[in-house]
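Numbers in my numbering are just positions in the sequence shown, counted from 1, shifted up by 15.
For reference, the structure discussed in these notes is given below.
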Amino acid sequence: MVKKYIFLAFLTNLYIIGAYKPVVIIHGILTGAESMLVILEEIERHHPGTKVYNTDRFAGWSSLENAWHQVLEFNGDLQKICRNHPDGVIMLGYSQGGLLGRAVLQTYPDHCVKKFISLSSPQAGQFGSDFLHLIFPSLVAKTAYELFYTYVGQHTSVGNYWNDPHHQDLFEQFSIFLPYVNNDLPSTNSTQFRDSILKLDQLILVGGPDDGVITPWESSHFGYFNGTGDVIPCRQRQIYLEDRIGLQTLDNTGRLKLVTMAGVKHFDWHLKQQVIQTVILPYLD
Ligand SMILES: *[C@@H]1O[C@H](CO)[C@@H](O)[C@H](O)[C@H]1NC(C)=O
Ligand SMILES: *[C@@H]1O[C@H](CO)[C@@H](O)[C@H](O)[C@H]1NC(C)=O
Numbered sequence: 016m017v018k019k020y021i022f023l024a025f026l027t028n029l030y031i032i033g034a035y036k037p038v039v040i041i042h043g044i045l046t047g048a049e050s051m052l053v054i055l056e057e058i059e060r061h062h063p064g065t066k067v068y069n070t071d072r073f074a075g076w077s078s079l080e081n082a083w084h085q086v087l088e089f090n091g092d093l094q095k096i097c098r099n100h101p102d103g104v105i106m107l108g109y110s111q112g113g114l115l116g117r118a119v120l121q122t123y124p125d126h127c128v129k130k131f132i133s134l135s136s137p138q139a140g141q142f143g144s145d146f147l148h149l150i151f152p153s154l155v156a157k158t159a160y161e162l163f164y165t166y167v168g169q170h171t172s173v174g175n176y177w178n179d180p181h182h183q184d185l186f187e188q189f190s191i192f193l194p195y196v197n198n199d200l201p202s203t204n205s206t207q208f209r210d211s212i213l214k215l216d217q218l219i220l221v222g223g224p225d226d227g228v229i230t231p232w233e234s235s236h237f238g239y240f241n242g243t244g245d246v247i248p249c250r251q252r253q254i255y256l257e258d259r260i261g262l263q264t265l266d267n268t269g270r271l272k273l274v275t276m277a278g279v280k281h282f283d284w285h286l287k288q289q290v291i292q293t294v295i296l297p298y299l300d
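Below is the structure:
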């Protein structure tokens, strides 16, 4: 009887280990782990037995804390997870969580992440009032740089990735985060920031034109405004053309996926079953 039970447990374990990699989830701004429960349920329903780590760090207002601080804390968590899963995990970050998660990889050269899914995240930065007003109702995009591009403004995550196309000099002078993780500005860590991304089997960047919060929505694919407000797609920007963080190499080796889905609002990416089934589940194997 005992033997039979052990054998069954062994089979179940094989099934679990063989089938699906563990998934590590990082939530978006001003929310916490509970906001990602629909994704968790969908994973459970379609891929039963998958181990999911749904982080609750920096929930609510603390999600506005300095991006580097959050990245280094998440980095410590991922190191523990990787020790338990040497065969690798899949990581998914939603909105701000996708930008922070990407930086976590970059600060962890030996990470075990095989696939990274960025779900509507401001990878090239953010410049728009709709987003701003969620957090700072009285700020307007046009003048927000006066607050964000200061020593004090850099104490908040939003300031760290606020990318004002009309004040690029101040952005590069003051921002302590985005110009570095995107290797716009060289640092002693530039090579590591690129190599760590190149360790991925797949980088999946999800976004869409009806998002309404990420501005421009193409930032979810590393596209961004140029100095006259035109949106330049990822593959035509310097970050890609100069392969600053490995995007072009990933692309040339079939490892970069730019996923576009229309008709999805920013607060639906992680809540609508049909969206999750279309843009997330196919990558979780
Ligand atoms: C950058 O590299 C230096 C060592 O060269 C290290 O002390 C520092 O923690 C690194 N910073 C990040 C964010 O990786
Ligand atoms: C921005 O891109 C548009 C379209 O490609 C181009 O016409 C314009 O000159 C560019 N502006 C700058 C400042 O490069």
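We put the beta carbon where it would ideally sit given N, CA and C, even for glycine.
Quantities reported herein were computed from a predicted structural model and do not represent experimental measurements.
Through-space distance from residue j to residue i, alpha-carbon basis
{"i": "Leu115", "j": "Val128", "result": "14 Å"}
{"i": "Pro101", "j": "Tyr160", "result": "43 Å"}
{"i": "Pro201", "j": "Pro124", "result": "17 Å"}
{"i": "Pro180", "j": "Gly261", "result": "23 Å"}
{"i": "Gln299", "j": "Leu87", "result": "Strictly speaking, residue 299 in this sequence is Leu, with Gln absent from that position. So the alpha carbons of these two residues sit roughly 25 Å apart."}
{"i": "Phe189", "j": "Gly244", "result": "21 Å"}
{"i": "Gly227", "j": "Cys249", "result": "19 Å"}
{"i": "Ile132", "j": "Glu187", "result": "27 Å"}
{"i": "His148", "j": "Asn69", "result": "27 Å"}
{"i": "Pro63", "j": "Ser153", "result": "45 Å"}
{"i": "Gly113", "j": "Ile41", "result": "7 Å"}
{"i": "Asp71", "j": "Gly47", "result": "5 Å"}
{"i": "His182", "j": "Leu213", "result": "31 Å"}
{"i": "Arg270", "j": "Tyr166", "result": "38 Å"}
{"i": "Gln121", "j": "Asp258", "result": "15 Å"}
{"i": "Asn204", "j": "Leu256", "result": "20 Å"}
{"i": "Val246", "j": "Lys272", "result": "19 Å"}
{"i": "Gln251", "j": "Leu162", "result": "30 Å"}
{"i": "Ser50", "j": "Thr65", "result": "19 Å"}
{"i": "Thr206", "j": "Lys36", "result": "28 Å"}
{"i": "Ile191", "j": "Ser211", "result": "20 Å"}
{"i": "Trp76", "j": "Trp232", "result": "24 Å"}
{"i": "Gly103", "j": "Asn241", "result": "37 Å"}
Proximal residues to residue i (C-beta, below 6 Å), its chain only, five neighbours per side dropped
{"i": "Ser78", "result": "Ile44, Leu45"}
{"i": "Arg209", "result": "Ile260, Gly261"}
{"i": "Val294", "result": "Val221, Val274, Met276"}
{"i": "Ala74", "result": "Gly47"}
8 Å contact criterion, which residue i and residue j should meet: CB distance rounded
{"i": "Gly222", "j": "Thr275", "result": "7 Å"}
{"i": "Asn178", "j": "Ile254", "result": "About 12 Å separates the two Cβ atoms, so there is no contact after all."}
{"i": "Ala82", "j": "Ser172", "result": "5 Å"}
{"i": "Leu93", "j": "Leu134", "result": "About 17 Å separates the two Cβ atoms, so there is no contact after all."}
{"i": "Leu220", "j": "Leu265", "result": "About 10 Å; that fails the 8 Å criterion."}
{"i": "Leu55", "j": "Val39", "result": "12 Å between Cβ atoms; not a contact."}
{"i": "Lys130", "j": "Leu215", "result": "7 Å"}
{"i": "Gln138", "j": "Arg117", "result": "7 Å"}
{"i": "His285", "j": "Tyr109", "result": "5 Å"}
{"i": "Gln169", "j": "Ser136", "result": "Not quite, the Cβ-Cβ distance comes to about 20 Å (not below 8 Å), so this is no contact."}
Same chain, Cβ closer than 7 Å to residue i, neighbours up to 5 away in sequence not counted
{"i": "Asp225", "result": "Ala277, Gly278, Val279, Lys280"}
{"i": "Gln141", "result": "Tyr176, Trp177, Asn178, Ile229, Thr230, Ser234"}
{"i": "Leu185", "result": "Tyr160, Tyr164"}
{"i": "Leu296", "result": "Glu57, His61"}
{"i": "Leu193", "result": "Gly140, Asn175, Tyr176, Asn178"}
{"i": "Ala156", "result": "Phe142, Gly143, Ser144, Leu147"}
{"i": "Val119", "result": "Val86, Phe89, Asn90, Leu93"}
{"i": "Leu26", "result": "Confidence at Leu26 is low in this model, with a pLDDT of 48, below 50, so the placement of that residue is unreliable and no value is reported for it."}
Residue i: CB within 7 Å of a non-hydrogen atom of ligand 2
{"i": "Ile247", "result": "yes"}
{"i": "Thr243", "result": "yes"}
Chain-order list of residues whose beta-carbon lies under 8 Å from that of residue i (same chain, five-residue window excluded)
{"i": "Ala150", "result": "Here the sequence assigns Ile to residue 150, which means Ala is not the residue at that position. Hits under 8 Å: Ile44, Leu45, Leu79, Val173."}
{"i": "Gln288", "result": "Val53, Glu57"}
Counterpart residues of residue i in DSSP-defined beta bridges
{"i": "Leu213", "result": "None, per the DSSP bridge assignment."}
{"i": "Gly227", "result": "Per DSSP, none; premise fails for Gly227."}
{"i": "Leu133", "result": "The identity of residue 133 in the sequence shown is Ser, whereas the question assumes Leu. Answer is Gly108, Leu220, bridged to Ser133."}
{"i": "Ile247", "result": "Tyr239"}
Min CB distance residue i to chain C below 8 Å
{"i": "Gln217", "result": "In summary, chain C is missing from the structure at hand, where a single protein chain is found."}
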